[in-house]
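Engineer: Sharing a structure here in structure tokens format.
Protein chains: 2
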Amino acid sequence: MATTTDFKTWAAAQQQRIETQLQAVLPGADVAPQRLHEAMRYAALGGGKRVRPLLALAAGEVTGADESRAAIAGAAVELIHAYSLVHDDLPCMDDDVLRRGKPTCHVEFDEATALLVGDALQSLAFQLISEFRLANDAAVQLEMVKLLALATGSRGMAGGQAIDLAAVGVDLSLPELEFMHIHKTGALIRAATLLGAHCGNALDAPALAKLDHFAKCVGLAFQVVDDLLDTEATTATLGKTAGKDAKDNKPTYVSVLGVAESRKLAAQLREDALAALEVFGGRAHRLRELADFIVLRKF
Amino acid sequence: MATTTDFKTWAAAQQQRIETQLQAVLPGADVAPQRLHEAMRYAALGGGKRVRPLLALAAGEVTGADESRAAIAGAAVELIHAYSLVHDDLPCMDDDVLRRGKPTCHVEFDEATALLVGDALQSLAFQLISEFRLANDAAVQLEMVKLLALATGSRGMAGGQAIDLAAVGVDLSLPELEFMHIHKTGALIRAATLLGAHCGNALDAPALAKLDHFAKCVGLAFQVVDDLLDTEATTATLGKTAGKDAKDNKPTYVSVLGVAESRKLAAQLREDALAALEVFGGRAHRLRELADFIVLRKF
């Protein structure tokens, strides 16, 4: 897709591409076990901003990746994200009833099914990242599997959830809060960006480090903005329960820094993210637009 | 290890090898997030018959695989198995309090931690299957990742769990019961066997089909024997709650066929399994011993 297309048009087309990709890889609701497959489709389809796949596609533009490859890598990360939402919403975790404007998976189905939905979506992500040719070199693609596994597991996203659990009712310092979010949301955002880039021509180590730094800043900015929106927006706008973190006594950027400082931090992270992209010139056009979208979004 | 070693000695040495492998790949309990890592080690270390890794190692002998490779493939499958036990024991699933003679993970820790333990053990399995060189050809190893993902997901083990959930209080026919177990326990036992074989020299399609048939029969025999033991053994011998299936009103081979017919079926499956190995001659020595171990075990 030519980079002259405006961002909104590009994003809408790519979100549709990801939806089609997920539709195709998720087993049909008529395939046994039907209820599980129906619930997996309920949890993964038809919602969300698809920020992670968009990052994969935009990073793929930096390395000249085939769009269909970057879309698959992005869809795999999105399946991990979808699984994490289903498990996070369970009664033993955040106990939430609303997600993307719909009842959460365990409310619409039942807890046992929601547990299996998350489990099976994770497996499906690893199926997707391994079954199509995504890199010219199979050894590079094995590295991509490992990268996704590390970002998903106990030293990545799942570890971030564990830190989050332990932080309820605790006063965290800014570095502690940052450590939590670098794992909880940051790991998957970085993975999406790097996986998209790996679908194309190899970057040298300094360039890869720049791209990773961009993704790290964007991941933190994403969380700061999430916390601001959680304070300021309404449940209807968010499609999930607003004000939940404060109610649950969870530390957030707003509770640690206040609203004004949080806004400043988001702006600074955006600056840092954009600066890291300088080496890539015009090829990073979509990544720049995405950074703006993430920081300036209202939902 | 020479095949002249008796089975018990071989199995004990290999179980120790797997324990060491798992010890090494599981993050230390001193690595953040500590509680999650402690719980992951609690769930995955120091217990179990390690049937799946033993199958991987024995199948690796058929194809001349490097033992250290087959051990890694087997350990990855064991991590998936360990995750499934933690999630199956949760209150929303089987709600069990005893596993391998110890309190289940959610009893020893808490439900949220047990949920994350299962999630992170699954990710770790995919890390393990991708991070070491296990096949001479990286493209073959990508196939191995896909094979593990399929065996783990909604058309494999997780799907079998969903069928199991739907079967509570239902009269299943023998084919329906078999369909459930081919997914619930069979998928992972087949994956372990095939992954072990893929670590060595390539088998042609007919030989691979024979090995798969062996694993399918062994997987079913494993379940039939499990059901017999659940009826006949005591909680102390099993290290898990005995008589649980009958209490939970779950269909089993014993409830569908009765004890005598179940014993006959196990013996027949053993015969079928052994017959499938004929093409492999002496190289399948350990697989034969394992089939016997699985059918004749008392725990």
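Chains as they are written, first to last, in the numbering used here: chain V, 1 to 299; chain H, 1001 to 1299. Where a beta carbon is used, it is the ideal one built from N, C-alpha and C, also for glycine.
Does DSSP classify residue 1041 (chain H) as helix, strand or coil?
Structural biologist: Note: residue 1041 (chain H) maps to helix in three-state DSSP.
Engineer: Give me the Cα-Cα distance between residue 89 (chain V) and residue 182 (chain V), rounded to the nearest whole angstrom.
Structural biologist: Looking at the two C-alpha atoms, the distance is approximately 20 Å.
Engineer: Can you list, in chain order, the residues of its chain with a C-beta nearer than 8 Å to that of residue 94 (chain V)? Leave out the 5 residues immediately preceding and following it.
Structural biologist: 88, 244, 248, listed in sequence order.
Engineer: Bridge partners for residue 102 (chain V) per DSSP, in chain order?
Structural biologist: The partner list for residue 102 (chain V) (beta bridge, DSSP) reads V:99.
Engineer: Determine which residues of the segment 136-165 of chain V have a Cβ less than 7 Å from any Cβ of chain H, and write them out in chain order.
Structural biologist: Within the segment 136-165 of chain V, the residues whose Cβ lies closer than 7 Å to some Cβ of chain H are 138, 139, 141, 142, 145, 146, 149, 150, 152, 153, 154, 155, 158, 159, 161, 162, 163, 165, listed in chain order.
Engineer: Tell me which same chain residues have a C-beta within less than 6 Å of the C-beta of residue 1003 (chain H), skipping the five on either side of it?
Structural biologist: Residue placement at residue 1003 (chain H) cannot be trusted, given a pLDDT of 49 that sits under 50; the coordinates are not used to answer.
Engineer: Please list the partners that residue 131 (chain V) has in chain H, where partner means a Cβ-to-Cβ separation under 7 Å.
Structural biologist: Going along chain H in sequence order, the residues near residue 131 (chain V) (Cβ under 7 Å) are 1146.
Engineer: Have a look at H:1016, H:1018, H:1042, H:1015 and flag the residue whose alpha-carbon is nearest the alpha-carbon of residue 1028 (chain H).
Structural biologist: Closest option to residue 1028 (chain H), Cα to Cα, is H:1042.
Engineer: Only counting runs of 4 or more residues, tell me where the alpha helix (DSSP H) segments fall wholly within the segment 141-185 of chain V, in order along the chain.
Structural biologist: The qualifying runs are 157-166, 174-181.
Engineer: Less than 8 Å between CB atoms is the rule here; does residue 1085 (chain H) satisfy it with respect to chain V?
Structural biologist: It does not: the Cβ of residue 1085 (chain H) has no partner Cβ on chain V nearer than 8 Å.
Engineer: Could you tell me if residue 38 (chain V) is buried or exposed, where buried requires 16 or more neighbouring beta carbons within 10 angstroms of its beta carbon?
Structural biologist: Buried is the call here.
Engineer: Let me see if you follow: with CB-CB separation under 8 Å, is residue 96 (chain V) close to chain H or not?
Structural biologist: No - not a single Cβ of chain H is within 8 Å of the one on residue 96 (chain V).
Engineer: May I ask you to list, following chain order, the residues of the segment 1096-1127 of chain H that have a beta carbon less than 9 Å from some beta carbon of chain V?
Structural biologist: Per Cβ criterion, the list reads 1106, 1110, 1111, 1112, 1113, 1114, 1115, 1116, 1117, 1118, 1119, 1120, 1121, 1122, 1123, 1124, 1125, 1126, 1127.
Engineer: State the DSSP-derived secondary structure class of residue 69 (chain V), mapped to helix, strand or coil.
Structural biologist: Residue state, collapsed to three classes: helix.
Engineer: Look at residue 993 (chain H) and residue 153 (chain V) and say whether their C-beta atoms are less than 8 Å apart.
Structural biologist: The requested residue 993 (chain H) is not part of the displayed model; chain H covers only 1001 to 1299.
Engineer: Do you know whose CA, among V:256, V:30, V:52, V:158, lies nearest residue 76 (chain V)'s CA?
Structural biologist: Checking every option, the nearest Cα to that of residue 76 (chain V) belongs to V:52.
Engineer: With a threshold of 8 Å between beta-carbons, can residue 190 (chain V) be considered close to chain H, or not?
Structural biologist: Taking Cβ atoms only, chain H never reaches closer than 8 Å to residue 190 (chain V), which makes this a no.
Engineer: Locate the alpha helix (DSSP H) running through residue 954 (chain H), then write down its first and last residues.
Structural biologist: Within the shown structure, residues of chain H are numbered from 1001 to 1299, placing residue 954 (chain H) beyond reach of any answer.
Engineer: Going by Cα to Cα distance, which pick from V:72, V:5, V:290 is closest to residue 22 (chain V)?
Structural biologist: Measuring from the Cα of residue 22 (chain V), the nearest candidate turns out to be V:72.
Engineer: Using only the alpha-carbon positions, how far apart do residue 68 (chain V) and residue 1096 (chain H) sit?
Structural biologist: Taking the straight line joining both Cα atoms gives about 45 Å.
Engineer: Which one of H:1255, H:1014, H:1222 has the shortest CA to CA distance from residue 1070 (chain H)?
Structural biologist: It is H:1014 whose Cα lies nearest to the Cα of residue 1070 (chain H).
Engineer: Are at least three pairs of beta-carbons, each pair with one atom in the segment 1184-1194 of chain H and one in the segment 1148-1168 of chain H, less than 8 Å apart?
Structural biologist: Verdict: yes, contact present.
Engineer: Going along the chain, which residues of the segment 11-27 of chain V sit with their C-beta nearer than 8 Å to a C-beta in chain H?
Structural biologist: So the close ones are 27.
Engineer: Quick one: what does DSSP say residue 298 (chain V) is sitting in, helix, strand or coil?
Structural biologist: Residue 298 (chain V) falls in the coil class under three-state DSSP.
Engineer: Can you tell me where the alpha helix (DSSP H) with residue 1217 (chain H) in it begins and where it stops?
Structural biologist: Residue 1217 (chain H) -> alpha helix (DSSP H) spans 1205-1232.
Engineer: Could you tell me if residue 1224 (chain H) is buried or exposed, where buried requires 16 or more neighbouring beta carbons within 10 angstroms of its beta carbon?
Structural biologist: Buried: at least 16 other Cβ atoms inside 10 Å.
Engineer: How long is the line joining the alpha carbons of residue 197 (chain V) and residue 216 (chain V), rounded to whole angstroms?
Structural biologist: Each residue's Cα considered, the two are about 15 Å apart.
Engineer: Do the segment 1268-1275 of chain H and the segment 285-296 of chain V meet, that is, are 3 or more Cβ pairs less than 8 Å apart?
Structural biologist: Result no; under three Cβ-Cβ pairs closer than 8 Å.
Engineer: According to DSSP, simplified to helix, strand and coil, what is residue 1075 (chain H)?
Structural biologist: Three-state DSSP puts residue 1075 (chain H) in a helix.
Engineer: Is the CB-CB distance between residue 121 (chain V) and residue 40 (chain V) below 8 Å?
Structural biologist: Result yes, Cβ atoms of residue 121 (chain V) and residue 40 (chain V) sit closer than 8 Å.
Engineer: If you count every other CB in all the chains shown that lies within 10 Å of the CB of residue 5 (chain V), and 16 or more means buried, which is it?
Structural biologist: Burial call: exposed.
Engineer: Mind listing which residues of the segment 30-46 of chain V have their C-beta closer than 7 Å to chain H's C-betas, in chain order?
Structural biologist: Listed in sequence order: 33, 35, 36, 37, 40.
Engineer: Please determine, among H:1061, H:1060, H:1081, H:1158, the residue with the shortest C-alpha to C-alpha distance to residue 1049 (chain H).
Structural biologist: When each option's Cα is compared against that of residue 1049 (chain H), the closest is H:1081.
Engineer: Would a check of beta-carbon distances place residue 257 (chain V) closer than 8 Å to chain H?
Structural biologist: By this cut-off, residue 257 (chain V) is not an interface position.
Engineer: For residue 92 (chain V) and chain H, any beta-carbon pair shorter than 8 Å?
Structural biologist: At least one chain H Cβ lies under 8 Å of residue 92 (chain V).
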